[in-house]
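A short worksheet on the structure shown next.
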């Protein structure tokens, strides 16, 4: 059950009172600090924070957990059971507000710096509450993780996770070399309300999704991004986009997923479907970091094991 944050708790927070009065926030009570430069500027952060808030569960909480940070709250997304839980951490809805974050009395906040004045990742507003370390969704997740590790002097933990990921990638490349060298795999999500698909190609984009990164790291041949419109295509065009795929992985994003497609004539006629070379990746995997990447890797590995 998500922890509930009351207005009374908010009113009692010392940092909230100081912020409301216009007085400067207190210096870190104890422990070493470090001067860092982020997209938000140059400022001090605590190297041993006591109360960390992660605005987005996907890009912020995942790396924070890996680095062993004491997370007291994070934004909520359904269907992400593949990410470990921090016992007692508040689980607040997104987009969140300064009131919610202030109630948690953080001494460090992790938030995407992609849209610092926006509603969903308000890094600039968060910076008035506590120091903010930024993440992105336009870099490979490993780069964000390593950068956070550098800022917090926790590079070793970050490098260990990156090594585990690439060990998995290398093992998959060796095991599935015959498929990866000559055949194609597509990762898609179906949107039944509009009869449209979103595809996750292995080619470069102006933003990076953990699924696309995994396919690129494998050297997989996939859907051509140039064939897509806004990263997607309609059910009417499914044969044009997926007709030459040898395997298809349906990412359900926490919804029904594959059962919504089964029985649709245009889908059922695809060669990969007729051959039984279809798999599922369950759970909400839009964006994400290490845990999302590893979860998706397991789904790809399982599908290619069957196809082989």
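In mature numbering (1 follows the signal peptide of the UniProt record, and there is no 0), the protein residues as written are -29 to -1, 1 to 279.
All C-beta atoms in this analysis are idealised placements derived from N, C-alpha and C, irrespective of residue type, glycine included.
Bounds of the alpha helix (DSSP H) holding residue 120 are 112 to 122.
For residue 3, same chain residues with a beta-carbon under 8 angstroms away, outside a window of 5 residues either side, are 17, 18 and 19 in chain order. About 6 angstroms separates the Cβ atoms of residue 72 and residue 97, confirming a contact at the 8 angstroms cut-off. For residue 54, the secondary structure class from DSSP, reduced to helix, strand or coil, is coil.
Annotation: residue 217 is outside any beta strand (DSSP E) and is labelled neither H nor E by DSSP. Note that the segment 200 to 215 touches the segment 161 to 173; at least 3 beta-carbon pairs, one per stretch, sit closer than 8 angstroms. Between residue 259 and residue 198, the gap from beta carbon to beta carbon reaches 8 angstroms or more.
Residue 191 and residue 173 have their C-alpha atoms some 7 angstroms from each other. No Cβ-Cβ contact shorter than 8 angstroms links residue 106 with residue 80. Cβ neighbours of residue 241 within its own chain (closer than 8 angstroms, five residues either side excluded): 209, 210, 213, 214, 216 and 219. Per DSSP, residue 100 lies in no alpha helix (DSSP H) segment and is marked neither H nor E.
Assigned with DSSP and collapsed to three states, residue 42 falls in strand. Within the same chain, 140 come within 6 angstroms of residue 188 by CB-CB distance, once the 5 residues on both sides are set aside.
If you look at residue 150, you'll find it in the alpha helix (DSSP H) that goes 148 to 153. Scanning 84, 127 and 95 for the CA closest to the CA of residue 110 turns up 84.
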